[in-house]
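To start, the structure itself, in structure tokens.
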Amino acid sequence: MSTRLLVIFGGASSEHEISLRSASSVLSAVDRDRFDPVGLAITREGHWRTGPLSPAPSPEELAQVVAHGTPVPDIRDFAADLVFPVLHGPNGEDGTIAGLLEILGLPYVGSGVLASSLCMDKVAQKHLVASAAPDVPMVPWVATDSLTLARPEAMADVQRQVAQALGFPCFVKPVNLGSSVGVSRVAAPEQLAAALQTAARFDHHVVVERGVDAREIEIAVLGNGGPQTQLSAPGEIGLPPGVWYDYDTKYIDDVATLHIPAELPSSTVEAIRAAALRSFRVTGCKGLARIDFLLCRQTGTPYLNELNTMPGFTSISMYPKLMAHAGVGYGELITRLCELGLANHERRGTRSYDKA
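Using our numbering, read the sequence shown as starting at 1 and increasing by one per residue.
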């Protein structure tokens with residue numbers, strides 16, 4: 001009998017549309033000899049809906065389920081054997097869905113509660129990796145929050161701290177968000193206040209990172225952290241002159257290219273792969289992650305940028321492209337992730353709750 005696979009998409013997140021694109025690709029490629037997929041849409045307001053889907057649903061078809069689907073009173077009504085939460089950003093990728101599924105005892109694809117929330121929170125991620133894996137370099141950074149930024153004298157203090165500790169250019173980011181939503185490149189001090197306010201619109205916590213003249217390097221990880229965990233070759237994102245990797249570049253303009261493998265010395269490749277695997281294990285990731293590095297052009301230092309526990313799965317997304325180069329095609333990738341989710345659930349089930 002086939003495994004009943006519940007694919008969750010949409011979400012109360014500014015990355016809602018990206019989730020629809022990712023889920024469209026997943027549903028179109030899933031092995032229907034092994035899996036019986038069914039869709040669960042989450043609206044921007046957090047309502048759950050479902051509806052019939054074609055074998056290769058477009059993002060527009062999924063959007064119709066979000067808008068007009070049948071309300072779902074209880075996720076358990078689906079009688080799912082496995083859940084694939086194709087959700088990006090808060091209210092999904094941040095560990096909230098993982099927590100719900102664990103309470104319900106449902107197997108799922110991807111990282112658990114702690115790893116998901118740690119990797120979504122850029123500041124918590126930095127603190128953990130810096131303390132547990134100090135040999136993984138990170139660019140200098142300053143953290144603040146919306147309450148601080150709301151007070152003019154405190155805002156001025158943050159601006160002085162950024163200027164003294166980081167300088168310009170720098171990057172201002174919402175702490176708990178992805179896909180470069182709310183991210184600004186700040187080239188001069190007079191641009192900083194507006195960038196901080198923009199980031200604070202999307203999250204109460206904001207991080208500012210030193211701008212580094214760097215090559216953007218990404219690596220894909222597939223596995224549960226054990227000896228069989230597979231790492232791709234590093235890939236490099238290529239951009240036209242004067243363009244940085246923002247939301248439009250990623251998902252609208254389609255001007256970014258990915259060079260696999262990146263042209264790097266073997267010693268740099270090994271350093272990046274070692275840092276990626278160490279970061280994956282330290283944060284407790286499961287199933288998959290796309291791990292991003294900034295390779296300083298002057299020093300050759302690979303700085304850890306961030307770990308993405310549910311990276312994009314669109315047709316132009318970097319994670320599937322990296323794994324394809326590693327010999328794992330898109331359909332096989334979906335199957336492997338499902339198998340890893342089932343294996344991780346089985347392992348969680350071996351924990352004892354008996355004090356005797």
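Ideal Cβ placement from N, Cα and C applies to all residues, glycine included.
Inset, instruction - Assign Met1 to buried or exposed, taking buried as 16 or more other Cβ atoms, counted over all protein chains shown, within 10 Å of its Cβ. - result: exposed
Legend entry - 8 Å Cβ cutoff met for Gly95 and Val113: yes
Legend entry - Bounding residues of the beta strand (DSSP E) (the contiguous stretch that carries Ser184): Ser184 to Val186
Legend entry - Burial state of Ile217 (16 or more Cβ within 10 Å): buried
Legend entry - Residue from Ala195, Asp31 and Val181 whose Cα sits closest to the Cα of Ala187: Ala195
Legend entry - Other residues of its chain near Ala262: CB distance less than 7 Å, five sequence neighbours each side excluded: Ile217, Pro234, Gly235 and Glu236
Inset, instruction - Take every Cβ of the segment 51–64, pair it with every Cβ of the segment 13–20, and state whether three or more of those distances are shorter than 8 Å. - result: yes
Inset, instruction - For the segment 297–314 and the segment 135–143, state whether three or more C-beta atom pairs, one from each stretch, are separated by less than 8 Å. - result: yes
Inset, instruction - List the DSSP bridge partners of Val96. - result: The displayed chain sequence assigns Thr, not Val, to residue 96. DSSP, once it has assigned bridges, lists no residue as partnering Thr96.
Inset, instruction - Report the option in Gly211, Leu106, Arg215 and Ala80 whose CA atom is closest to the CA atom of Arg297. - result: Arg215
Inset, instruction - With a threshold of 16 other CB atoms inside 10 Å of the CB of Thr144, please say whether the residue is buried or exposed. - result: buried
Legend entry - Of the residues Pro241, Gly349 and Leu342, the one placed nearest Tyr108, counting alpha carbons only: Leu342
Inset, instruction - Provide the residue span of the beta strand (DSSP E) that contains Thr50, from first to last. - result: Trp48 to Thr50
Inset, instruction - Count the CB pairs spanning the segment 40–55 and the segment 114–121 that are closer than 8 Å, and state whether there are at least three. - result: no
Legend entry - For Gly331 and Asp31, believed in contact at Cβ under 8 Å, the rounded distance: 6 Å
Inset, instruction - Using beta-carbon positions only, say whether Pro140 and Arg185 come within less than 8 Å of one another. - result: no
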